[in-house]
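J.:
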Amino acid sequence: MFGYLKYEYKGKQSETKNIYKCYYCGLCCALKKNYGLFSTIFLSNDVVFLNLILSCDSQHIKYLKPQCCFWKRCSKISLQYQTPYWKKVAAFMLALVYVKAYDDVLDNKSILAKIRHGAVKVITKRAYEENLAMFEYMKDAMTALSEAEQNEAGIVEQSEIFSSIVLSTITNFVEEGLSPASLSLISSIMKWLCFIDAVDDYESDVKKKVYNPFNWISGTNTNSALTKWNDFFSENWREALSIYSDIFVQLHNSMQNLQNSKAVEAEIIRQMVYENMPKRLINVMKGNNK
Numbered sequence: 015m016f017g018y019l020k021y022e023y024k025g026k027q028s029e030t031k032n033i034y035k036c037y038y039c040g041l042c043c044a045l046k047k048n049y050g051l052f053s054t055i056f057l058s059n060d061v062v063f064l065n066l067i068l069s070c071d072s073q074h075i076k077y078l079k080p081q082c083c084f085w086k087r088c089s090k091i092s093l094q095y096q097t098p099y100w101k102k103v104a105a106f107m108l109a110l111v112y113v114k115a116y117d118d119v120l121d122n123k124s125i126l127a128k129i130r131h132g133a134v135k136v137i138t139k140r141a142y143e144e145n146l147a148m149f150e151y152m153k154d155a156m157t158a159l160s161e162a163e164q165n166e167a168g169i170v171e172q173s174e175i176f177s178s179i180v181l182s183t184i185t186n187f188v189e190e191g192l193s194p195a196s197l198s199l200i201s202s203i204m205k206w207l208c209f210i211d212a213v214d215d216y217e218s219d220v221k222k223k224v225y226n227p228f229n230w231i232s233g234t235n236t237n238s239a240l241t242k243w244n245d246f247f248s249e250n251w252r253e254a255l256s257i258y259s260d261i262f263v264q265l266h267n268s269m270q271n272l273q274n275s276k277a278v279e280a281e282i283i284r285q286m287v288y289e290n291m292p293k294r295l296i297n298v299m300k301g302n303n304k
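Start counting at 1 in the sequence shown, then tack on 14, and there's your number in this note's numbering.
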């Protein structure tokens, strides 16, 4: 996905660090066990965090202690990661990579994008064949999102479309029966990802004279003279902060209603929403995307 939802540990041997690594290593093991070694190169902290949120409602998530599986044969990885739940989460991870590569082809139409898409298709072939409905559903949805971008949809419309794609894919193909609070939290996080990604890409998009979701504010377009994000934000900070405040209010309300009997997972989610995500956005707005 985007790569912005990286959990920053508090303390070298904290309990939250160990539990987060269980989910991180669990997804890596599930990818390798079900779809081969090369699929693990697409391991994403974003999906690890989504998996943590799903743990609020799901009784199917069981994991082992963190383990390095790189040198292990697939046959040596625990069968725990071949259960239907872990297999679906791994497939969802690869479906996101697949449609992202497909979306790049729709946007750029460059040879490099086509080569990258071809490589992704090879690596995700097994997941695609076993989860054809999921992949095709997301592919069709991303085509609709690309059409919205071509019509220069604003950041609000784009984030609504993207969040609905992720939500509907999760509820239809990964985990049913999620609580309204979990669904709302996932929706707001997807909107946050769209927001921070648009901020991060603003200067390069303006330089390339291509679409950016912030173009609609104050009548700007792909030929905007405001080539620097700081200049754009200085002139349009009210509109940008208004959009972000709506996202954060949804995030906060979802957190207030979230029910999670797993105390450590709940603390990781709290730290991510109230500490790591705001810090990451500030760094990106300062041009420090690390």
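Here a beta-carbon is modelled for each residue, glycine too, at the ideal position from N, C-alpha and C.
Given the structure is predicted, the values throughout are model-derived calculations rather than measurements.
Return the residue from the list I179, F52, N122 and K222 that minimises the CA-CA distance to T138.
T.: Reading the sequence shown from its first residue, position 124 is the one you call residue 138. Ranking the options by Cα distance to T138, first place goes to F52.
J.: Is the beta carbon of E22 sitting closer than 9 Å to the one on N290?
T.: As a position in the sequence shown, residue 22 is number 8, starting the count at 1. As a position in the sequence shown, residue 290 is number 276, starting the count at 1. Yes, Cβ-Cβ distance for E22 and N290 is below 9 Å.
J.: For S72, which of helix, strand or coil comes out of DSSP?
T.: By one-based count along the sequence shown, residue 72 stands at place 58. In this structure, S72 counts as coil in the three-state DSSP scheme.
J.: If I follow the unbroken alpha helix (DSSP H) through S173, where does it start and stop?
T.: Against the sequence shown, residue 173 aligns to sequence position 159. From DSSP, the alpha helix (DSSP H) with S173 extends over I169 to T183.
J.: Roughly how many whole angstroms lie between the Cα atoms of V111 and V61?
T.: Here residue 111 refers to the residue found at position 97 of the sequence shown. Here residue 61 refers to the residue found at position 47 of the sequence shown. If you take the alpha carbons of V111 and V61, they lie about 11 Å apart.
J.: On a CA-only basis, which of D211, Y38 and S268 is nearest L192? Give me that one, please.
T.: Counted from its first residue, the sequence shown places residue 192 at position 178. Here the closest residue by C-alpha is S268.
J.: Measuring only the C-alpha atoms, how far is F176 from N32?
T.: As a position in the sequence shown, residue 176 is number 162, starting the count at 1. As a position in the sequence shown, residue 32 is number 18, starting the count at 1. Each residue's Cα considered, the two are about 31 Å apart.
J.: Expressed to the nearest angstrom, what Euclidean distance is found between the alpha-carbon atoms of T236 and D117?
T.: Counted from its first residue, the sequence shown places residue 236 at position 222. Counted from its first residue, the sequence shown places residue 117 at position 103. For T236, the predicted structure reports a pLDDT of 47, less than 50, and the residue's modelled location is therefore unreliable. The matter cannot be settled from this model.
J.: Could you give the DSSP three-state label for L295: helix, strand or coil?
T.: The residue labelled residue 295 in the question sits at position 281 within the sequence shown. Looking at L295 - three-state DSSP - the assignment turns out to be helix.
J.: In this structure, how does DSSP classify F187 when only helix, strand and coil are distinguished?
T.: Taking the sequence shown and counting its residues from 1, one reaches residue 187 at position 173. Helix, per DSSP.
J.: Hey, I283 and A254: beta-carbon distance below 9 Å or not?
T.: Within the sequence shown, the letter at position 269 stands for residue 283. Within the sequence shown, the letter at position 240 stands for residue 254. Cβ distance not < 9 Å, so I283 and A254 don't count as in contact.
J.: What residue range does the alpha helix (DSSP H) around F247 cover?
T.: In the sequence shown, counting from the first residue as 1, residue 247 sits at position 233. Per DSSP, F247 belongs to the alpha helix (DSSP H) from W243 to N271.
J.: Under the three-state reduction of DSSP, which class applies to N302: helix, strand or coil?
T.: Residue numbering aside, residue 302 sits at position 288 when the sequence shown is read from its first letter. N302: coil per DSSP, three-state reduction.
J.: Spatial neighbours of A127 within its chain, please: CB distance less than 6 Å, with the 5 preceding and 5 following residues excluded, ordered by chain position.
T.: Translated into the one-based positions of the sequence shown, residue 127 becomes position 113. Only D118 and V119 meet the Cβ criterion.
J.: What did DSSP end up calling V224 once you bin it into helix, strand or coil?
T.: As a working note, residue 224 is residue 210 in the sequence shown. Coil, per DSSP.
J.: Output yes or no for whether 9 Å exceeds the beta carbon distance between Y151 and F187.
T.: What you label residue 151 is simply residue 137 of the sequence shown in a count that begins at 1. What you label residue 187 is simply residue 173 of the sequence shown in a count that begins at 1. Taking 9 Å as the Cβ cut-off, Y151 and F187 qualify as a contacting pair.
J.: So, is R294 buried or exposed, given that buried needs 16 or more other C-beta atoms within 10 angstroms?
T.: In the sequence shown, counting from the first residue as 1, residue 294 sits at position 280. Counting Cβ neighbours within 10 Å, R294 comes out buried, since at least 16 surround it.
J.: If you count every other CB in all the chains shown that lies within 10 Å of the CB of G17, and 16 or more means buried, which is it?
T.: As a first step, residue 17 is located in the sequence shown; it is residue number 3 there, counting from the start. The residue is exposed, with fewer than 16 neighbouring Cβ atoms inside 10 Å.
J.: Check whether the region 202-222 touches the region 258-273, counting contact only when three or more Cβ pairs, one atom from each stretch, lie closer than 8 Å.
T.: A contact exists between the region 202-222 and the region 258-273.
J.: Which residues in the same chain have their Cβ closer than 6 Å to the Cβ of V180, if we skip the five residues on either side of it in sequence?
T.: Your numbering for residue 180 matches position 166 in the sequence shown. Result list for V180: M204, in chain order.
J.: Which residues in the same chain have their Cβ closer than 7 Å to the Cβ of E305, if we skip the five residues on either side of it in sequence?
T.: Summary: the structure shown does not reach residue 305, with the chain confined to residues 15 through 304, and so no result is reported for it.
J.: Flag this pair as touching only if the region 160-170 and the region 37-46 have three or more C-beta atom pairs under 8 Å; answer yes or no.
T.: They do not touch, by the three-pair rule.
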